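Below you'll find the structure, written out as structure tokens, and then a few comments.
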Amino acid sequence: MKIIILGAGQGGGTLAEHLANEQNDITVVDTDSGKLRALQDRLDIGTVTGGASHPNTLYKAGAEDADMLIAVTNSDEINMMACQVAHSLFNTPTKISRVRSPNYLAHQDQLFNRDHVPVDVIIGPEQLVTKNIRQLIANPGALQVLDFAEGKVQLVAVRAYHGGPIVGQELQEIRNHMPKVDTRVAAIFRQDRAIMPEGTTVVEADDEVFFIAARENIRAVMAEMRKVDKPYKRVMIAGGGNIGATLALSIEDQYQVKVIEQSYDRCKVLSERLKHTIVLNGSASEPQLLYQENIEATDVFCALTNNDESNIMMSMLAKRMGAKKVITLITNAAYAELVGDEIDIAISPQQITIGSLLTHVRRGDISNVHSLRRGAAEAIEVTAHGDAYSSKVVGRRLDEIPLPEGVTIGAIVRGEEVLIAHGHMVVETDDHVILFLVDRRKISAIEKLFAVGFGFF
Numbered sequence: 001m002k003i004i005i006l007g008a009g010q011g012g013g014t015l016a017e018h019l020a021n022e023q024n025d026i027t028v029v030d031t032d033s034g035k036l037r038a039l040q041d042r043l044d045i046g047t048v049t050g051g052a053s054h055p056n057t058l059y060k061a062g063a064e065d066a067d068m069l070i071a072v073t074n075s076d077e078i079n080m081m082a083c084q085v086a087h088s089l090f091n092t093p094t095k096i097s098r099v100r101s102p103n104y105l106a107h108q109d110q111l112f113n114r115d116h117v118p119v120d121v122i123i124g125p126e127q128l129v130t131k132n133i134r135q136l137i138a139n140p141g142a143l144q145v146l147d148f149a150e151g152k153v154q155l156v157a158v159r160a161y162h163g164g165p166i167v168g169q170e171l172q173e174i175r176n177h178m179p180k181v182d183t184r185v186a187a188i189f190r191q192d193r194a195i196m197p198e199g200t201t202v203v204e205a206d207d208e209v210f211f212i213a214a215r216e217n218i219r220a221v222m223a224e225m226r227k228v229d230k231p232y233k234r235v236m237i238a239g240g241g242n243i244g245a246t247l248a249l250s251i252e253d254q255y256q257v258k259v260i261e262q263s264y265d266r267c268k269v270l271s272e273r274l275k276h277t278i279v280l281n282g283s284a285s286e287p288q289l290l291y292q293e294n295i296e297a298t299d300v301f302c303a304l305t306n307n308d309e310s311n312i313m314m315s316m317l318a319k320r321m322g323a324k325k326v327i328t329l330i331t332n333a334a335y336a337e338l339v340g341d342e343i344d345i346a347i348s349p350q351q352i353t354i355g356s357l358l359t360h361v362r363r364g365d366i367s368n369v370h371s372l373r374r375g376a377a378e379a380i381e382v383t384a385h386g387d388a389y390s391s392k393v394v395g396r397r398l399d400e401i402p403l404p405e406g407v408t409i410g411a412i413v414r415g416e417e418v419l420i421a422h423g424h425m426v427v428e429t430d431d432h433v434i435l436f437l438v439d440r441r442k443i444s445a446i447e448k449l450f451a452v453g454f455g456f457f
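The sequence shown runs 1 to 457 under the UniProt record's numbering.
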């Protein structure tokens, strides 16, 4: 696929890295030639220096025969204008734009269509990150919570703790512990090494366990791995920007929420917009303020400013002062690698956004892609098409499907029914199949596996 990426920042650069490694023809456009040089030194891609929305720049980037344009510059307006130019002058088939401003997103249906602003897919990073954090708050103890099949199925990552009922036992014992609950462990990461789970695999303390289950069974399965945390009640948010404000607005009816924001003018805006949230003017890096606001009674502290260093320092301070759980927004991948025990969960906007973008880039009928473990692993939801003569998966038992090494099928969603994967199950046409890849480089093999072609008998 020939793809033009507009913007060589962290989002565009990470996306280029993902797509270039999958044998796509990638060209990255940016006004900063230094950023482009750095990308070209380590990736097999083309680059063009220039304004992302300028017709001559897009022409040089190959817009005439591009399959897709992905606009992820720092400017909503440039992204939207670039999609308009690509549509009007080059008839680019698929145009994806990152849009951050809530003012545009509030009128998404009226603005973004072929008759007005011709954007085929809108990616709103703030909304995606907010949803991710909201899922973590709703599932105490989870490291990641990912939705599939419109929320019917969830993939959850937890840290196995000493004393968990299944810790120290084989995975097949889960069925004895919970005879009425069906679940499947998709992967285990032990000291950063992937272990493909079998019935005889023994769960050890500190393992990072990814399991899949119907939404209503998630809490029961988590209780097998670790002591279940009590439901959270009190949430403190540091940073009243787009992400902090959107998160507060989405959870203030269910939790006691406080937002700490340095800008007095922004505090006034927040206090008018938020009905049940306490808005505080100040800095969450001030111990006295945290003490006055009972940080030791806070269930979740979320550091969501646009400064990585501030987020890390505020999180460490909040944790040391008694916050039970700390969630930290970190855009720099190098910082995320360095985070220690004092930060419970590091949220990467790039990884969350890239998962959403890859859903539209992957070949085949793929409705969900989630990037995991800093991009090394992936979980995908793909729809099976064809019949036993034209498909390698339809009409076959799961244990007959030739999956690449490091790939497991976690569940099948058939209409409204959730079927946790077992070897005897047979894939039917239009089934939504949820797969876990410990190595995302196997994605091309999965795309070929689910492709519909000639007969195989």
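Think of the CB as a built atom: it goes at the ideal place given N, C-alpha and C, for glycine as much as any other residue. Values in this document were obtained by computation on a predicted structure and should not be read as measured data.
Query	Result
DSSP three-state assignment for Phe457, whether helix, strand or coil	Any reading at Phe457 needs caution, since the residue's pLDDT is 36, under 50, leaving its predicted position unreliable; the model's value is listed next. Here Phe457 sits in coil by DSSP.
Stretch pair the region 230-237 + the region 162-182: three plus CB contacts closer than 8 Å	no
Entirely enclosed beta strand (DSSP E) segments - the region 130-156, minimum 3 residues	142-148
Which of helix, strand or coil DSSP assigns to Ile343	coil
Three CB pairs or more closer than 8 Å across the region 12-19 and the region 50-67	no
Nearest-angstrom Cα separation, counted from Gln262 out to Glu296	21 Å
6 Å CB neighbourhood of Phe436 in its chain, flanking five on each side removed	Ala186, Ala187, Ala379, Thr408, Gly410
Neighbour-count burial assignment, Asp399, 16 or more Cβ in a 10 Å radius	exposed
Buried or exposed (CB count within 10 angstroms, at least 16 for buried), Tyr291	exposed
For Ser75 and Phe148, the rounded distance between their alpha carbons	31 Å
Sequence-distant residues of the same chain with beta carbon closer than 7 Å to Gly322, five excluded per side	Ile295, Glu296
3 or more residues per run - each beta strand (DSSP E) lying fully within the region 406-435	407-414, 417-420
Residue of Pro349, Val221, Gln350, Lys35 minimising C-alpha distance to Val181	Val221
Glu150 classed as buried or exposed, judged by whether at least 16 other C-beta atoms fall within 10 angstroms	exposed
Beta-carbon gap between Val361 and Lys152 smaller than 8 Å	no
DSSP three-state assignment for Asp207, whether helix, strand or coil	coil
Contact set for Ser250: own chain, Cβ-Cβ below 7 Å, skip 5 residues either direction	Thr130, Arg134
Inter-residue Cα distance where the pair is Ile70 and Lys95	6 Å
Helix, strand or coil at Lys227 according to DSSP, with G and I counted as helix	coil
CB contact flag (Ser258, Glu216, <8 Å)	First, the amino acid is wrong: residue 258 is Lys here, not Ser. Taking 8 Å as the Cβ cut-off, Lys258 and Glu216 do not qualify as a contacting pair.
Ordered list of alpha helix (DSSP H) runs contained in the UniProt domain "RCK N-terminal" (1-123), each at least 4 residues	10-20, 33-42, 55-60, 76-90, 102-105, 108-111
8 Å Cβ cutoff, Met313 in contact with chain B	Note that chain B does not occur in the displayed structure, where there is just one protein chain.
Alpha carbon of Ala451 to alpha carbon of Ala82, nearest angstrom	32 Å
Cβ neighbour criterion (16 or more within 10 Å) applied to Ile443	buried
Where the beta strand (DSSP E) containing Ser367 begins and where it ends	366-372
Nearest candidate by alpha-carbon position, reference Val145, set Phe210, Thr31, Leu89, His116	Phe210
Assumed close pair Gly9, Thr31 - CB separation to whole angstroms, cut-off 8 Å	Not confirmed; about 11 Å, so no contact.
6 Å CB neighbourhood of Ser315 in its chain, flanking five on each side removed	Ala303, Val326, Thr328, Ile343
Same chain only: Cβ atoms within 6 Å of Gly46, ignoring 5 sequence neighbours per side	Thr27
Cα-Cα separation, Ser348 to Tyr161	25 Å
Burial state of Pro197, where buried means 16 or more other Cβ atoms lie within 10 Å	buried
In DSSP terms, what Phe189 is bridged to	Ala194, Glu208
Val394 to Lys448 span [Cα, whole Å]	14 Å
Continuous beta strand (DSSP E) stretch holding Ala379: start and end	377-383
Phe456 versus Ile434: straight-line alpha-carbon distance, rounded	Model confidence at Phe456 stands at a pLDDT of 40, short of 50, so the residue's coordinates are unreliable; what they give is reported in the following sentence. Each residue's alpha carbon lies about 23 Å from the other.
For Ile295, the residue or residues it bridges with in DSSP	Answer is none; Ile295 lacks a bridge partner.
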